[in-house]
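K.L.:
Residue numbers (the numbering used here): 1 to 383.
Cβ coordinates follow ideal geometry from the N, Cα and C atoms, glycine included.
Before we start, here is the structure in question, set down as structure tokens.
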Amino acid sequence: MPLKIFISVADASGDRHAAEFITALRQLHPDIHIRGVGGPRMTESGAMLFHETVGGAAMGWRGALRALEVIRLLRRVRRRFQEDKPDLHVCIDSSAMNLPFAKMAKSMGIPVLYYIAPQLWASRESRIKQVRRYVDKVACILPFEEGYYRSHGVDATFVGHPLFDELPVDRPTPAGPSLDERPPIVGIVPGSRRGEVKANLPHQLDVARRISEAFPGTHFLIPTTSAVDAAVRQQCAGQNLKLEIKLNAFDELIPRCDLVICKSGTSTLHVAAWGVPMIVVYRLNPLIWHGIARWLIKTKKIALVNILAGNVDLVPEFVPWHGSNKPVADLAISMLRNPQTLADQRAKLLALVAPLDHRGASKNTASIALELAMKNRSDKFRV
């Protein structure tokens with residue numbers, strides 16, 4: 001009987017990483033049986049989806065999966081597990097959905113591997129108790145996370161960052177802008193979730209308008225995912241800007257940019273991997289920030305690249321971003337007028353990502369998953 005692995009994913013980013021993970025699994029164990037909840041990339045990689053959580057038929061979003069929908073999905077998956085129990089449950093990212101999934105799987109005697117675990121070192125550290133209780137193994141994607149989780153009694157291994165599995169091996173790095181010869185090219189990264197796009201994109205477009213006034217003819221590039229493409233195009237409709245919007249084209253569009261206005265998150269590391277200068281933003285209601293968020297966040301900086309740099313301002317960050325958009329636009333204009341500023345940031349970004357720039361995260365995680373699944377299968381036969 002083939003090994004059976006169930007994978008749970010909640011957003012487009014997780015769907016992409018899951019697809020790479022599934023491909024690696026099948027290379028190591030071709031006859032493995034993979035089911036899950038996720039999106040189209042998982043299906044393309046050969047997984048049988050029990051429910052779509054990514055894309056047009058996905059559950060509703062308000063920054064995260066709504067709690068009621070998570071509960072309903074958990075009940076359905078539990079019933080499926082009672083009929084056909086997998087050898088391993090793999091949670092990928094998205095702790096709002098996956099920690100309840102891990103708890104459910106563990107209660108049914110199913111081992112749990114968490115790939116791209118919650119960044120509890122940054123916020124909500126109290127959740128470490130749930131990880132310790134419900135997760136058998138954590139596959140860490142940042143070097144320092146292994147030590148962090150182990151210090152809290154969680155079995156963890158650094159596997160590498162999946163981003164670098166997906167990038168070209170010999171990717172060229174930008175040589176820098178020649179703005180004396182052409183108008184600037186500016187990237188806009190509003191997020192991979194509809195809630196993020198709704199919060200960030202209108203203000204990023206306002207920044208774009210201000211940049212365009214200072215640099216007529218500026219070309220703005222916006223990469224999208226399937227989950228937000230329609231929302232991005234709707235918000236951009238009628239804008240008097242030179243916009244290029246393209247689906248699943250991050251690695252095509254971003255290297256062309258002189259500067260990126262990037263929402264905070266993993267996307268900052270993705271931009272950094274191409275050595276493209278950026279300003280990091282994240283629109284957040286000041287009441288939410290002062291009332292809740294700032295008390296949960298432990299790091300001095302918010303942007304991932306700044307945290308990896310040692311909690312320093314390697315790139316400018318406007319997080320939380322509220323009030324006028326003028327300071328962001330003014331800084332962007334100033335940077336575009338100063339090629340040396342762009343060159344300096346570019347060099348620092350490339351130096352930052354160099355230690356992370358090796359391949360194998362998906363394959364390493366697949367090896368761990370197979371080991372856990374086979375151990376569980378053999379334990380069943382010994383009982």
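(1) Would you report the Cα separation of residue 228 and residue 10, rounded to the nearest angstrom?
(2) Hey, is residue 94's beta-carbon within less than 7 Å of any beta-carbon in chain B?
(3) Using only the alpha-carbon positions, how far apart do residue 150 and residue 156 sit?
(4) Do residue 50 and residue 35 have their C-beta atoms within less than 7 Å of each other?
(5) Considering just the uninterrupted stretch of the beta strand (DSSP E) at residue 244, what are its terminal residues?
(6) Taking a contact to mean a Cβ-Cβ separation below 7 Å, would you say residue 136 touches residue 111 in this structure?
(7) Taking the continuous alpha helix (DSSP H) assigned at residue 52, which residues delimit it?
(8) Comparing C-alpha positions only, which one of 252, 265, 219 sits nearest to residue 244?
(9) Put residue 150 into one of helix, strand or coil per three-state DSSP.
(10) With a CB to CB cut of under 6 Å and the five nearest residues on each side skipped, what residues in its chain are close to residue 278?
(11) Within the same chain, show all residues whose beta-carbon is closer than 6 Å to that of residue 413, passing over the 5 residues directly before and after it, in chain order.
(12) For the beta strand (DSSP E) containing residue 35, name the first residue and the last one.
(13) Tell me the residue span of the beta strand (DSSP E) that contains residue 137.
(14) With a 10 Å radius around its C-beta and 16 neighbouring C-beta atoms as the bar for buried, classify residue 68 as buried or exposed.
(15) Could you give the DSSP three-state label for residue 236: helix, strand or coil?
(16) Among 22, 4, 355, 265, which has the Cα closest to the Cα of residue 160?
(17) To the nearest angstrom, report how far apart residue 349 and residue 171 are at their CA atoms.
(18) According to the Cβ coordinates, are residue 48 and residue 15 closer than 7 Å?
(19) So what does DSSP say about residue 120, is it helix, strand or coil?
(20) Tell me the rounded alpha-carbon separation between residue 74 and residue 105.
(21) Would you mind working out which of 328, 282, 89 sits nearest residue 211, comparing C-alpha positions?
(22) Residue range of the beta strand (DSSP E) that residue 8 falls in?
P.N.:
Straight from the coordinates:
(1) In the sequence shown, residue 228 corresponds to position 228, counting from 1. In the sequence shown, residue 10 corresponds to position 10, counting from 1. Cα to Cα, the separation comes out at about 14 Å.
(2) Here there is only one protein chain, and chain B is not present.
(3) To locate residue 150, count along the sequence shown from 1; it is residue 150. To locate residue 156, count along the sequence shown from 1; it is residue 156. So the alpha carbons of these two residues sit roughly 6 Å apart.
(4) Locating residue 50 in the sequence shown gives position 50, counting from the first residue. Locating residue 35 in the sequence shown gives position 35, counting from the first residue. Yes, these two residues count as a Cβ contact at 7 Å.
(5) Walking along the sequence shown from the start, residue 244 turns up at place 244. Segment 242-247, the beta strand (DSSP E) holding residue 244.
(6) The residue you call residue 136 lines up with position 136 of the sequence shown. The residue you call residue 111 lines up with position 111 of the sequence shown. Yes; because the gap between Cβ atoms is below 7 Å, this pair is in contact.
(7) Along the sequence shown, one-based indexing puts residue 52 at 52. It is not in any alpha helix (DSSP H) - residue 52 instead sits in the beta strand (DSSP E) that spans 48-52.
(8) In the sequence shown, residue 244 corresponds to position 244, counting from 1. The candidate whose alpha carbon is nearest that of residue 244 is 219.
(9) The residue given as residue 150 occupies position 150 in the sequence shown. If DSSP states are grouped into helix, strand and coil, residue 150 belongs with the helices.
(10) Residue mapping note: residue 278 aligns to position 278 of the sequence shown, counting from 1. Result list for residue 278: 260, 262, 271, 315, in chain order.
(11) Lying outside 1 to 383, the shown extent of the chain, residue 413 is not represented and no answer is given.
(12) Here the question's residue 35 lines up with position 35 in the sequence shown. Residues 33-38.
(13) Along the sequence shown, one-based indexing puts residue 137 at 137. It spans 137-140 - the beta strand (DSSP E) in which residue 137 sits, taken as one unbroken run.
(14) Here residue 68 refers to the residue found at position 68 of the sequence shown. Per the 10 Å Cβ criterion, exposed.
(15) Position 236 of the sequence shown holds residue 236. The answer is helix: DSSP assigns residue 236 an H, G or I state.
(16) Translated into positions along the sequence shown, residue 160 becomes position 160. Closest option to residue 160, Cα to Cα, is 355.
(17) In the sequence shown, the residue the question calls residue 349 occupies position 349. In the sequence shown, the residue the question calls residue 171 occupies position 171. Residue 349 and residue 171: Cα-Cα distance of roughly 15 Å.
(18) As a first step, residue 48 must be located in the sequence shown, where it is residue number 48. As a first step, residue 15 must be located in the sequence shown, where it is residue number 15. No. Outside cutoff.
(19) If you number the sequence shown from 1, residue 120 lands on position 120. DSSP places residue 120 in coil when its eight states are reduced to three.
(20) Within the sequence shown, residue 74 is the residue found at index 74, counting from 1. Within the sequence shown, residue 105 is the residue found at index 105, counting from 1. Taking the straight line from one Cα to the other gives about 10 Å.
(21) As a first step, residue 211 must be located in the sequence shown, where it is residue number 211. Nearest option by C-alpha distance: 328.
(22) As a position in the sequence shown, residue 8 is number 8, starting the count at 1. Per DSSP, residue 8 belongs to the beta strand (DSSP E) from 4-8.
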